[in-house]
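Residue numbers 1 to 253, in our numbering, belong to the letters of the sequence shown in order. We put the beta carbon where it would ideally sit given N, CA and C, even for glycine. This structure is a prediction, so every number in the text was calculated from the model and none was measured. Worksheet for the structure shown next.
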Amino acid sequence: MSAAPSPPVRTLTARSAILSVLLGTHPAQAPVGWIVRVGTGLGLQESALRAALTRMVAAGDLERGADATYRLSARLAERQRRQDVAIEQHPGSWAGGWQLAIVMIGAADSTDRAAFRESLRLARFGELREGVWCRPDNIAVDLPETSRRRLSLFTGRPEEPPATLAQRLFQPDRWAERARALLTAFDEADSIAARFEVAAAMVRHLLDDPVLPPELLPDDWPGSEIRARYAGFRTEFYLFAKNLIGEQDLPTG
1 MSAAPSPPVR
11 TLTARSAILS
21 VLLGTHPAQA
31 PVGWIVRVGT
41 GLGLQESALR
51 AALTRMVAAG
61 DLERGADATY
71 RLSARLAERQ
81 RRQDVAIEQH
91 PGSWAGGWQL
101 AIVMIGAADS
111 TDRAAFRESL
121 RLARFGELRE
131 GVWCRPDNIA
141 VDLPETSRRR
151 LSLFTGRPEE
161 PPATLAQRLF
171 QPDRWAERAR
181 ALLTAFDEAD
191 SIAARFEVAA
201 AMVRHLLDDP
211 VLPPELLPDD
221 WPGSEIRARY
231 AGFRTEFYLF
241 AKNLIGEQDL
251 PTG
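Dropping the structure here:
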């Protein structure tokens with residue numbers, strides 16, 4: 001029996017801390033003093049945090065207001081929207097149908113092709129073959145209009161067993177293994193900074209959740225558990241920030 005995969009937890013850096021904090025804040029903006037106090041509370045150096053803020057503005061990740069408030073750029077605000085959906089999303093009812101997306105207009109270049117494919121993946125589609133994407137018809141299709149215009153969308157039913165097709169497209173067993181590894185890592189984390197790292201990895205993993213109907217999931221699916229654990233950490237982190245800053249200065253969260 002093979003061991004569970006190592007959880008994809010990234011070491012906390014000034015940039016990743018700033019990004020994760022703002023992605024979890026509503027509205028996605030905070031004054032520089034708030035960012036610095038939270039970052040140093042997580043064990044990062046103030047100089048590294050201020051340098052990261054400057055670089056992130058230059059890279060187009062953040063926008064700086066006249067009042068020294070930093071907010072997510074439009075591109076990352078869209079990422080926050082997708083992240084919020086992934087955290088709260090649950091499978092809807094399923095009558096056995098599948099959504100199909102057939103590519104009708106090809107990509108202009110490799111960059112365009114990569115972005116187009118990523119939009120389908122983020123909409124929870126799996127690639128059946130070149131130009132043919134599908135998924136169970138249990139959630140609403142959330143595709144940008146620029147991608148929709150290049151597709152023909154319709155529903156159908158496969159002849160092969162649906163669970164077999166779902167396994168081939170999405171490998172839910174593998175997703176579940178990684179989710180359990182993250183849950184274990186979270187339980188073993190012995191500091192707020194360590195749990196912050198794992199919680200950020202949990203969010204990234206939820207963005208890859210295919211949100212399959214229960215009929216197509218392996219036993220003991222950890223989707224609800226990892227969402228609940230992340231929700232608990234958000235409460236913990238709010239109290240941590242409140243202790244550092246004071247409730248009156250906290251963003252909504």
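Quick one, which of the options has its alpha-carbon nearest residue i's?
i	options	result
TYR238	LEU22, ALA74, ALA48, ASP208	LEU22
VAL85	LYS242, ARG227, THR235	ARG227
LEU182	GLN171, SER20, TRP133, VAL203	VAL203
GLY246	VAL211, GLY33, PRO158	GLY33
ALA179	LEU120, TRP221, ILE87, ARG150	TRP221
MET56	LEU42, ARG75, THR40	ARG75
PHE240	ARG64, ALA123, THR40, ALA201	THR40
VAL211	LEU244, SER93, ASP67	SER93
PRO91	LEU72, PRO136, ASP109	PRO136
ILE139	TYR230, GLY96, LYS242	GLY96
Leaving out the 5 sequence neighbours to the left and right, which residues in its chain are closer than 7 Å to residue i when beta-carbon positions are compared?
i	result
ARG113	ALA107
ALA77	ALA28
ASP208	TRP175
ALA123	VAL141, ASP142, LEU143
PHE125	ALA101, TRP133, CYS134, ARG135
PHE170	GLY126, PRO210, LEU212
Once you ignore the five residues that flank residue i on each side, which residues in its own chain have a CB closer than 6 Å to its CB?
i	result
GLU197	VAL9, LEU12
ALA14	LEU44, ALA48, LEU49, ALA52
ARG117	none
PRO161	none
GLN89	VAL211
SER20	ALA200
State the start and end residues of the unbroken beta strand (DSSP E) segment that holds residue i.
i	result
TRP221	Neither: TRP221 is in no beta strand (DSSP E) and is coded neither H nor E.
Which residue comes first and which comes last in the alpha helix (DSSP H) that contains residue i?
i	result
TRP34	32-41
SER120	It is worth fixing the name first, because residue 120 is Leu in this sequence and not Ser. Taken as a continuous stretch (DSSP letters only), the alpha helix (DSSP H) holding LEU120 covers 110-122.
LEU23	14-23
GLN167	162-170
HIS90	Counting along the chain, HIS90 falls outside any alpha helix (DSSP H), and DSSP gives it neither H nor E.
ALA201	192-206
GLU46	46-58
So if DSSP puts residue i in a beta bridge, which residue, or which two residues, is it bridged to?
i	result
SER152	ILE102
GLY232	In the DSSP output, where bridge partners are listed per residue, GLY232 has none listed.
VAL132	ILE102, ARG129
GLU63	ARG71
GLN29	ARG71
With a threshold of 8 Å on Cβ separation, who are the neighbours of residue i within its own chain once the five nearest residues in sequence on each side are excluded?
i	result
ASP173	GLN167, PRO218
LEU244	ARG37, VAL38, GLY41
GLY65	GLN29, ARG71
Three or more C-beta pairs under 8 Å: does that hold for the stretch 163-171 against the stretch 209-222?
yes
How about the stretch 152-160 and the stretch 95-107: do they share at least three Cβ pairs that are nearer than 8 Å?
yes
Segment contact, 8 Å Cβ cut-off, at least three pairs: the stretch 187-198 with the stretch 138-153
no
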